[in-house]
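In this note's numbering, the protein residues as written are 1365 to 1562. Ideal placement from N, C-alpha and C gives every residue a C-beta, glycine not left out. Keep in mind that this is a model prediction, so the values were computed, not measured.
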């Protein structure tokens, strides 16, 4: 899948070093582990095998490496897959980008592409995303994608990090909300690529 600036592709076993490097930045991991890195052993034995397994069952759900179309440089990843106990028609959106790519609009661009593709090309009925209340940058991405705040909640995370006392938030967008946002030139409901430019 391509956007104006990104190519979203499937991960391969050769991407281990890219994931390890991304997860080694304390700023990237701040709202996930409090800044602790993911070990190479964990990436090799747990993380990447779980991501690769998604491709055996779906062509549009899973984890996708994001690279700049102009340079081919890896900038991070997006996921579009069902959360625990959820149906495939209700995927969860997620993203993790390198610090050098923050503030560039790439998180919004990749997220919109996955949301649009899910609603337009597949039987997706609802997309949700979660983050910490204090993670204002991630919340802005969700809002720019047309997602609305659904609820505040407190999760029992295995790692306690500063700010989690304020809880978490869930954002979501339904097929009906997405379709109502614009109309395609041929009269079908849905977003046109031009109407969702960053």
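request  = Drop a sphere of 10 angstroms on the beta-carbon of residue 1384, count the other beta-carbons inside from all chains shown, and report buried for 16 or more, exposed for fewer.
outcome  = Classification of residue 1384: buried, given that the 10 Å Cβ count is 16 or more.
ask   = Could you give the distance in angstroms between the alpha-carbon of residue 1470 and the alpha-carbon of residue 1520?
value = One C-alpha to the other measures close to 30 angstroms.
message = Quick test of the definition: if touching needs 3 or more C-beta pairs under 8 angstroms, does the stretch 1533-1545 touch the stretch 1474-1494?
response = With a cut-off of 8 angstroms, the stretch 1474-1494 and the stretch 1533-1545 count as touching, because enough Cβ pairs lie within range.
ask   = Roughly how many angstroms separate the alpha carbons of residue 1403 and residue 1543, rounded to a whole number?
value = If you take the alpha carbons of residue 1403 and residue 1543, they lie about 42 angstroms apart.
request  = Mind the definition here: the stretch 1374-1394 touches the stretch 1473-1482 only if three or more C-beta pairs lie below 8 angstroms; say whether that holds.
outcome  = Three or more beta-carbon pairs separated by less than 8 angstroms are not found between the stretch 1374-1394 and the stretch 1473-1482, which leaves the two stretches without contact.
ask   = So who's on the other strand from residue 1456, going by DSSP bridges?
value = Residue 1456 is bridged to 1445, 1492.
query = Considering only residues of the same chain and omitting the five flanking positions on each side of residue 1401, which have a CB-CB separation below 7 angstroms?
reply = For residue 1401, where only same-chain residues beyond five positions count, the Cβ hits under 7 angstroms are 1387, 1388, 1393.
request  = Give me the Cα-Cα distance between residue 1408 and residue 1426, rounded to the nearest whole angstrom.
outcome  = Taking the straight line joining both Cα atoms gives about 17 angstroms.
message = Using 8 angstroms for Cβ pairs, my map puts residue 1497 next to residue 1533. What's the rounded Cβ distance?
response = The C-beta separation of residue 1497 from residue 1533 comes to about 6 angstroms, placing the pair in contact by the 8 angstroms criterion.
query = Any idea if residue 1475 is buried or exposed, counting beta-carbon neighbours within 10 angstroms, 16 or more meaning buried?
reply = Flag for residue 1475 reads buried.
key: As assigned by DSSP and simplified to three states, the class of residue 1540   = Per DSSP, reduced to three states, the secondary structure at residue 1540 is helical.
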